[in-house]
Each structure stands twice: as structure tokens, then as C-alpha cells.
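Residue numbers (UniProt numbering): 1 to 227. Glycine included, each C-beta is placed from N, C-alpha and C at the ideal position. Presented below is the structure to which this report refers.
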């Protein structure tokens, strides 16, 4: 149960404890402990944490690192932070493999998505109240044994898998959320090839012999309507 809670991002609080010695006739020299633990999901708090990081950075203050204390956030993890305005992308930066504690990864990508996404101008403090924040935590990527576009399409689970396509000196990824915009598996794969810079023609079924496809899943949490 503890392992499941850690993977799910739940915070545990001991609310009571007892031992077998507390029962009538219990032997105080041979006891078994029974803790009562309440598990609270920590994942839904992550967008608010990312927002607090951005608010402090845009105000010129220090990042509020450590404001959510939990072993899950102290362990290595990979995340993406996505910013949208009225459903339109405003910034998205992340990592595909863990290189630092998950909490630090989320904080860094919140700042990067707002200030360093080369597709967009930097977010301003005035914009922030109208921005919606989503935090995605990635599983470890699984390399797939595929040698054609047809096999690649068959290997991916729509609306479940994110995908990483790698070739010589090039790489691209789509989070599982991209299935909402590209629900057709062929469109999904071909747009991924184009994003990775491996197939400029979006209608081509070409699959390079040295390409590598991996898939992953995410746990994601999104804010409600912008304030």
C-alpha cells in the first residue's frame, strides 16, 4: 500500500496507532503494531505549486522550493508543465527522463514554460491570472520494437500513451494529451515524425531504419478555470 501511495503521489498521515498488547489479555512483550494512516492525494496540489513558483519568479522573489514536503517529490522524476490561455498553448517544457528530484523538476519547467519556450514571448505577471497550468508526471519510457509506420501505429494506445520518436541527432515527443487534437493514430504518428524533423512530408508513410519509438504514460493534474 505504501509503495502504491508513493507511485500515485499520495501523502500519508498517521492518525492513530495501536498494538496487540492493547487488546484484552494482550502480551506486552510480544506485540504487533497497527497504524491507522490517512492518504491524501498530493498530485492535485502540483499546479498550485507551479503557479506559486511562477508568481515568485515574476515578482522577482526566490522560488518557493520545498513548499510541498513529500518523499515522492524528493525522489528523481520527469515532468512537463503546460500553460494554456483559452485552450490555446502558451508554453510547454519538460523532461523525458528523471535527472533531479521531481519537485525541483516541476519548478524548473514551470519557469521554463513561462519564460524560455522559444515558440512564445515570455509570460508577464499581468498575463498569469489568465493562464491555466497543467502538470504531467511521466513514467519511464518503454522502447518499442517497430520497423514500420504500420507497426508504430499498432503499438501505441490512443489517449493512453505519449510517444518519443528519435532519429540521428533528432527527437520529438507528444504527450498523451495530444491525442485530443490528433485522435487518428496515423495523423498522430505523422505529425510526430514532422515534429521530430524526420519526415517533412506529413503524408509520407516512410519509416527510417535507424528510428526508435518509445512510449510512456503520464499522471496529469490541471487547474480549474483561470482566476
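Residues 165, 167, 170, 208 and 211 of the same chain have their beta carbon placed closer than 7 Å to that of residue 198, with the five preceding and five following residues left out of the count.
Per DSSP, the continuous beta strand (DSSP E) segment holding residue 85 begins and ends at 78-85. The straight-line gap separating the alpha-carbon atoms of residue 176 and residue 122 is approximately 25 Å. By the beta-carbon neighbour count (other beta carbons within 10 angstroms, threshold 16), residue 149 is buried. About 6 Å separates the Cβ atoms of residue 78 and residue 105, confirming a contact at the 8 Å cut-off. Residue 157 has its alpha-carbon roughly 20 Å from the corresponding atom of residue 97. Annotation: the continuous beta strand (DSSP E) that includes residue 167 extends over 162-167.
Closest in alpha carbon position to residue 103, among 173, 206, 43 and 187, is 43. DSSP places residue 93 in the strand class (E or B) of the three-state scheme. In the structure shown, residue 207 adopts coil according to DSSP, grouped into three states. Between residue 85 and residue 50 a beta carbon distance of about 15 Å is seen, past the 8 Å cut, so the two are scored as non-contacting.
Beta-bridge analysis with DSSP links residue 133 to 83. Closest by C-alpha distance to residue 93, out of 107, 223, 140 and 101, is 107.
The beta carbon of residue 113 lies closer than 6 Å to those of 81, 83, 91, 92 and 93 in the same chain, with the five residues before and after it left out.
Each residue's CA atom was taken as its position, placing residue 155 and residue 201 some 22 Å apart.
The beta-carbon separation of residue 152 and residue 160, rounded to 15 Å, does not stay under the 8 Å limit for a contact. The C-alpha of residue 214 is placed about 11 Å away from the C-alpha of residue 139. Residues 214 of the same chain have their beta carbon placed closer than 6 Å to that of residue 143, with the five preceding and five following residues left out of the count.
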